[in-house]
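To start, the structure itself, in structure tokens.
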Amino acid sequence: MIATKPIIGIALFLAVLFTCPVTADMQLVLLGTGTPNPVPERAGAATAIIVDGQVWIIDAGPGVVRRISAAHRNGVKALSQPSLSKLLITHLHSDHTLGLPDLIYAPWTLERTAPIEIRGPKGTANMVSHIEQAYAKDVTFRIEGAEPANTTGWKTKVTEINGGVIYKSDTLTIEAIPVCHGGWDHAFGFKFTHKGKSIVISGDTTYCPALEAAAANADILVHEVYDAAALAKRDANWQAYHRAAHTSGPELGKLAANAKPKHLILHHQLAWSGSKEAILAQIAQSFSGKVTWGEDLMVFNVGVGAD
587 MIATKPIIGI
597 ALFLAVLFTC
607 PVTADMQLVL
617 LGTGTPNPVP
627 ERAGAATAII
637 VDGQVWIIDA
647 GPGVVRRISA
657 AHRNGVKALS
667 QPSLSKLLIT
677 HLHSDHTLGL
687 PDLIYAPWTL
697 ERTAPIEIRG
707 PKGTANMVSH
717 IEQAYAKDVT
727 FRIEGAEPAN
737 TTGWKTKVTE
747 INGGVIYKSD
757 TLTIEAIPVC
767 HGGWDHAFGF
777 KFTHKGKSIV
787 ISGDTTYCPA
797 LEAAAANADI
807 LVHEVYDAAA
817 LAKRDANWQA
827 YHRAAHTSGP
837 ELGKLAANAK
847 PKHLILHHQL
857 AWSGSKEAIL
867 AQIAQSFSGK
877 VTWGEDLMVF
887 NVGVGAD
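Going by my numbering, the first residue of the sequence shown is number 587, and it counts up by one from there.
What follows is the structure, encoded as structure tokens:
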């Protein structure tokens, strides 16, 4: 006689194991991997990191809210519109902030009740103040008119940051890392550390020793890059600008070889007349570790349930 109860028990265990998703310690979502150049497949600069049930958005480039909606539709359920109440801004270039009004107001109309907390460099408060002035009548109409909008979800709480720890809880520390972005006095990368795991976001920067140090042994380093060979064919003024403000493939390869992140993910890729293959080859001259060419809506897990 076959013992059916143990078999049924094992079957139920396996069913639960393979149907219940394992929650990662941290989840990274590439929302927008684009540059100022309007490539249809790439939204403006924006990244989400989900930790302890909280959603942190880094940068608000063009299309950020719609990319968040697409990620939610694709299964990242933490990215609901009411959850979008924490934003970090690396710097105030337009391609990193043109989606800011949308991130302030669209989730509010979709029932976010918490004010949005915005942490960014010097000048962030001034930018947000002007956005609020521009949309003051819209807010009034939505609150006082027929639309049943709540009275709190449109509000902002702005904190202008310097380098160092900008957020700390029992399990999560976020650090702002001053980076080297041409003439910008206030530009940052960010490091998330959670239960011994870390994700580093470069922001826009040329090779930066402080970022290299912060990225040492990181689980994920998300970094911008440009094609060095393709830049050499451009106008001399553009060459000078990009070399002072952005990171070439060979420079990134050397940085990664020194920092040794477990996984290097590329975003804000400037290829111009070059190619993905050219940039990857430039990085590979020095770095032999894991590299991913980032695309919008890619999702990566760190810790329990990691990829």
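For every residue, glycine included, the Cβ atom is placed at its ideal position computed from N, Cα and C.
Of all C-beta pairs linking the segment 760 to 771 to the segment 719 to 728, fewer than three are shorter than 8 Å, placing the two stretches out of contact. For Ser784, DSSP records a beta bridge to Thr779.
Of Gly835, Trp858, Trp740, Ser788, the smallest CA-CA separation from Val765 is found for Ser788. Annotation: the segment 605 to 633 contains the following complete segments of the beta strand (DSSP E) (minimum length 3 residues), in chain order: 612 to 618. If you draw a 10 Å sphere on the C-beta of Gly685, you find 16 or more other C-beta atoms in it, and that means buried. Inclusion of Leu841 and Tyr793 in the CB contact set at 7 Å is warranted, their separation being smaller than that value. A contact is defined here as three or more CB-CB pairs under 8 Å, and the segment 620 to 634 meets this definition with respect to the segment 643 to 659. In this structure, Val651 sits near Asp688, with a CB-CB distance shorter than 7 Å.
Taking all protein chains shown into account, Ala830 has fewer than 16 neighbouring C-beta atoms within 10 Å of its C-beta and is therefore exposed. The alpha carbon of His809 has as its nearest neighbour, out of Ile869, Gly768, His780, the alpha carbon of Ile869.
The DSSP assignment places 742 to 746 as complete runs of the beta strand (DSSP E) inside the segment 714 to 752, in order along the chain (cut-off: 3 residues). For Gly769, the number of other beta carbons within 10 angstroms of its own is below 16, and it is reported as exposed. Between Asp813 and Gly880, the C-beta gap is not smaller than 7 Å, which leaves the two residues out of contact.
Secondary structure note for Arg829: it is in no beta strand (DSSP E), and the uninterrupted alpha helix (DSSP H) holding it is 822 to 831. Secondary structure of Pro707 (DSSP, three-state): coil. Residue environment analysis places Lys708 among the exposed positions, since fewer than 16 neighbouring C-beta atoms fall within 10 angstroms of its C-beta.
Taking the Cβ atoms as the reference, Arg628 lies roughly 10 Å from Leu883, outside the contact range of under 8 Å. Gln868: member of the alpha helix (DSSP H) spanning 862 to 870, first to last residue. A distance below 7 Å separates the beta carbons of Asp611 and Lys781. Here the alpha carbon of Ile690 sits roughly 14 Å from the alpha carbon of Ser666. Shown here, Leu673 sits in a strand according to DSSP, grouped into three states. According to the DSSP secondary-structure assignment, Asn887 is paired through a beta bridge with Gln613. Under DSSP, Tyr812 takes part in a beta bridge, and its partners are Ser834, Leu856.
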